[in-house]
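Step one of this worksheet: look at the structure below.
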Amino acid sequence: MRLETKLALFNALSKLLLVLLGVVVIPPVVSRIAVDHTDQRLHEKKQQVLDLIARDGLAAFIRQEQNQAYADYNILRQEFITLTPDPGPPRVLPRETLFNEPRQLEQATEDFRILSYHFQAQQRPYHLEIGSSLATVELLEATLRRLALWVLVVGALLTILTDAAFARFLLRPLGELITRKLRNVRHPSAFPFAPIPTSTTDFRRLDDSLNEMMHQMQSAFEKEREFMSNVSHELLTPVSILQSRFENLLQDPDLSHAHSLQIVESQKTLYRLRNTVRTLLLIANIENEQFLREETVSLLAVLAEVLNELDDRLAQRELHLRMQLAPDYLVTRANHSLLFTLLLNLLSNAIKYNRPGGDIVVSGQPLPGGGYRLRVADTGPGIAPEHLPHLFDRFRRFHAGGAAAPEGYGLGLPIARTIAAFHEATLTATSEIGKGSCFVLEFGPARSTPADA
Amino acid sequence: MHVLIVEDEKSLQQEIRQFLLHSQYLVDSAFTFAEASEKLFVNSYDFVLLDLGLPDGDGLNLLRESHQNDRQEASFIILTARGDLHDRIKGLDLGADDYLPKPFSLLELQSRMQAITRRKFGLKRQEISFGSGFQMDVTSRVLRHGEQEVPLTKKEFDLLHYLVLHKNRVLTRLQLGEHLWGNILEDDSDSNYIDVHIKNIRKKLTLFAPADFLETVRGIGYRVTE
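Residue numbers (numbering that gives the first Met the number 0), protein chains in the order written: chain R, 0 to 452; chain P, 0 to 225.
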């Protein structure tokens, strides 16, 4: 998962938690606030009543004919106020309490938040009660709760968005680093050294370290290339001298037949040495990216060229070749001559390790997930299961079909596998003793070119 | 034909020289860049066999130098063991006529030289006669006997042509195989294919005239004699 996605996810989760916390915490807090608010109002009302009593006296409230009690409530029974002479036992005055209690006003009973106040006026104790309907309190509470939650949710969403945008902005250099310097670079020689613009020290350091490492790799590659070039020169020059000398010796009219035969044998040995050196150089050069990879190559076309090269061998061994490529496959970012060598090796093996009059089936089909599979199957003696894992090891030789089987120097398949890897393809083999072997070349889904990555 | 061999490796220089002298070429030698540069300035050659890795300079510069010299009309064949892909491209870009990676067969060198000569002098039809009345048209790749065409496959034609080109020389199976399959890396020396080809060629030739000019040299190879 990408860092940016992770950050955004973490961010969203933490905000979600915050909202959840809000959902749990806000109602009690809000209800507390609402009650406090109501109490505050009741206090204010009480003060107003006391002020009125102080100014106008009790006469305005207490009327003799009404049992010396005063009651008032508004029409929606949201609030009431009562003032009664307090017949109860004498107590320390003034005394104030706040409580919830159901009260009956006219015919309806309602829950009220009540401030009860015992006080003394004109040497007589009085009891003042001011009530506020709890329904009103709850209404206030609900409004407050809804408002708080909305603010919370909107705030959370807004911060999630701004955080994500900021993280994106901050991480942009990292993304650029990954695309430009890691994902698009297939070989050190193609590494772009231009620094990634960023003001973040960590990224600056990462970029610098990458550049530094790549410098070292490039110089290592360069050294290896030089080394290979020198080795090839130092090994191939003496081989060249010997080869020319043998050729000249063979033309000597005074040479005896016995000596001629010896020279031919020496020539064979020398060819073997030469081919080994060349093969190793080829593998090293492929691995060291000394080959261009700029062509788009049709497998069918290369196979046709290979068969053109090998048709005489097919005919000589009376082999039947069937080719079923449905449809053809275009290998992108390929090297034509290397693909030729690869397919030539596979087919030449299929010819070499086959029974006379046998079959070779070359079949190819696209893979479901993109890519392509090419199979080269022969009807030779097959390869023992214990040898299969080492088939592509360099310098390993197997005597596949007894003494009569032709002998190679064990480099044809390693070359083939190296070339396959160069094209980001895999080469594998399956085999059944007595039935034949099958080499499978699998190209991955169409590879992107640096331009569109 | 005047050939300049530019090669710092004395033994190799010696072998090429011997081979070319034997094939009736006039041979001159240079072992260093300086020497080669001077000889190229003074003399005119038909061929320059150029090794790229000279001790005192890059062979490619010699190529560049002599192309600026109007009097020098030599054809250049690059011989190199450096095996560098870019050298080959650069060499051919600079106007080299051919490129042979070391190690190469001297026979191959000679046939390349002949091909260049043919190209240079615009020989439209080059016919080689051999045996009793066989005519080989190299440019259109047809073998005739009298008015009749001898049907040969591509490989058979190449094989016979190579043998005819190096008349009176014994060519080993390896040399023939290398010519046929060129630089294809074969990891074995299975040269039975050559024997089968020769057998088929003989069969086809015998339908027209005796093919005893195509000799088998026991244990060694084949030869076309006159």
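Ideal Cβ positions, reconstructed from N, Cα and C, are used throughout, including at glycine.
Cβ atoms of L39/P and H1/P stay farther apart than 8 Å, at about 12 Å. One finds nothing in chain R with a Cβ atom closer than 9 Å to the Cβ of E37/P; even the nearest lies about 24 Å away.
Here DSSP, grouped into helix, strand and coil, assigns H335/R to helix. At a cut-off of 8 Å between beta-carbon atoms, R244/R makes contact with chain P. Chain-order list of chain R residues neighbouring H196/P: D311, by C-beta distance under 8 Å.
Of all C-beta pairs linking the segment 380-394 of chain R to the segment 339-347 of chain R, fewer than three are shorter than 8 Å, placing the two stretches out of contact. Checking the DSSP bridge columns, you'll see T171/P partnered with G220/P.
Here DSSP, grouped into helix, strand and coil, assigns Q122/R to coil. In the three-state reduction of the DSSP assignment, F133/P falls in the strand class, which pools E and B. DSSP places T278/R inside the alpha helix (DSSP H), whose first and last residues are H256 to E286. Within its own chain, the residues whose Cβ lies closer than 6 Å to the Cβ of L48/P, once the five positions on either side in sequence are excluded, are I4, I76 and L78, listed in chain order. At a cut-off of 8 Å between C-beta atoms, H160/P does not count as an interface residue with respect to chain R. For the options T429/R, V305/R, S228/R and L309/R, the alpha carbon positioned closest to that of N287/R is the one of S228/R. L91/P is positioned such that its CB atom lies no closer than 8 Å to that of Y270/R.
The bridge partners DSSP lists for T215/P are Y221/P. For T135/R, there is no enclosing beta strand (DSSP E); the enclosing alpha helix (DSSP H) covers residues L133 to E175. Contact with chain P is found for S239/R, since one of that chain's Cβ atoms lies less than 8 Å from the residue's Cβ.
N247/R reaches chain P at E14, Q17, F18, H21 and L105, counting residues in chain order whose Cβ is nearer than 8 Å.
In chain order, A399, S430, E431, I432, G433, K434, G435 and S436 place their CB closer than 8 Å to the CB of G381/R, counting only its own chain and leaving out the 5 sequence neighbours on each side. Judged by DSSP secondary structure, H144/P falls within the beta strand (DSSP E) whose first and last residues are V141 to H144. For R393/R, no Cβ of chain P is located within less than 8 Å of the residue's own Cβ. Within the segment 24-89 of chain P, the complete alpha helix (DSSP H) runs of at least 4 residues fall at 32-41 and 58-66.
CA-to-CA, the gap between F9/R and L2/R works out to about 10 Å. When the five nearest sequence neighbours on each side are left out, the beta carbons in the same chain lying within less than 7 Å of the beta carbon of M213/R are those of P187 and F190, in order along the chain. For the 8 Å CB-CB criterion, A415/R and L324/R do not form a contact.
Excluding residues up to 5 positions away in sequence, H1, L3 and D27 lie with their Cβ nearer than 8 Å to the Cβ of N42/P in the same chain.
For T138/P, not one C-beta of chain R is nearer than 8 Å to its own C-beta. Residue state for M213/R is assigned as helix, using DSSP reduced to three classes. The three-state secondary structure of G21/R, taken from DSSP, is helix. Residue-level contact check: I76/P does not touch chain R, since none of the beta carbons of chain R fall below 8 Å from its beta carbon. H126/R sits close to T83/R, with the two beta carbons spaced by under 8 Å. In this structure, Y192/P sits away from H178/P, with a CB-CB distance that is not shorter than 8 Å. Taking a contact to require three or more Cβ pairs closer than 8 Å, the segment 295-304 of chain R and the segment 196-211 of chain P do not qualify as touching. Note: A428/R is bridge-paired with F438/R in the DSSP secondary-structure output.
According to the DSSP secondary-structure assignment, I359/R is paired through a beta bridge with L320/R and D377/R. Measuring C-alpha to C-alpha distances from E137/R to each of E128/R, L17/R and R112/R identifies R112/R as the nearest.
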